[in-house]
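According to the working numbering, the sequence shown holds residues 281 to 413 in order. Positions of the beta carbon are idealized from the N, C-alpha and C atoms, including for glycine. Keep in mind that this is a model prediction, so the values were computed, not measured. Here's the structure we're looking at; comments come further down.
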Amino acid sequence: MEEAGDDRKQKGRGHADATSLAERYRGVKFTELEGAGAPGPTRSVEGWCVFVTGVHEEAQEEDVHEAFAEFGDIKNIYLNLDRQTGFVKGYALVEYKDKREAQAAIDEMSGKELLEKRLTVDWAFRKGVAKKR
C-alpha cells in the first residue's frame with residue numbers, strides 16, 4: 281500500500297490487498313482436527329501416523345509394508361534415507377486411514393523384530409497438556 285506522496289514500488293504478494301483476514305475468510309468452513317481435550321494421539325491431516333524406530337539400515341519399503349500391512353490399509357510409508365550412505369536412517373512413518381488399525385500396529389509390532397532389529401512403535405503425533413509460559 282502506498283501512502284500519499286510515497287513513490288516507492290513494492291514487490292511481492294499481499295502488499296496491495298487491503299482486506300483483513302476476517303473479511304477474506306468470511307463464510308469459509310474449515311475442518312477442525314480434534315479439539316484440545318485430554319492428552320493422547322492426534323490425527324494428521326490425511327490419517328493416523330505411527331512412528332517406527334529401530335528400522336534396520338538395509339530395510340526396504342517393501343519390508344516395512346509387509347510387516348505393517350496385516351493391521352490395515354497403509355496409506356503412505358515414509359522411509360528416509362541418509363544422503364551420504366544411502367541407507368535408511370533408522371526410522372519410518374507408517375500412515376493408516378483408521379485409528380484402530382494404527383493402534384493395532386502399535387500394540388502388535390512394538391518390541392517385535394524386523395530384519396534382526398527390535399522395533400519401537402508409537403504414535404507420531406500427540407496432543408499434550410498445554411504448557412504455561
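Residue burial classification, residue i (beta-carbon count within 10 angstroms, cutoff 16)
i	result
Phe367	exposed
Leu399	buried
Glu282	Unreliable placement is indicated for Glu282, whose pLDDT of 48 sits below 50; the coordinate value is still reported in the next sentence. Flag for Glu282 reads exposed.
Val332	buried
Ala302	exposed
Alpha carbon of residue i to alpha carbon of residue j, nearest angstrom
i	j	result
Gly352	Lys309	31 angstroms
Asp402	Val330	6 angstroms
Ala382	Gly292	43 angstroms
Asp387	Glu338	24 angstroms
Gln340	Glu375	16 angstroms
His336	Arg288	58 angstroms
Glu380	Arg363	Before going on, a small fix: residue 380 reads as Arg here, not Glu. About 34 angstroms.
Arg323	Phe348	18 angstroms
Val325	Ile357	15 angstroms
His425	Ala385	Limits of the chain in this structure are 281 at one end and 413 at the other, which puts residue 425 out of reach.
Asp343	Gly307	47 angstroms
Beta-carbon proximity of residue i to residue j, cut-off 8 angstroms
i	j	result
Pro319	Phe405	no
Gly370	Gly334	yes
Lys355	Gly391	no
Ala372	Leu359	yes
Ignoring anything shorter than 3 residues, give me the beta strand (DSSP E) runs that lie fully in the segment 344 to 390, in order along the chain. 354 to 358, 371 to 376
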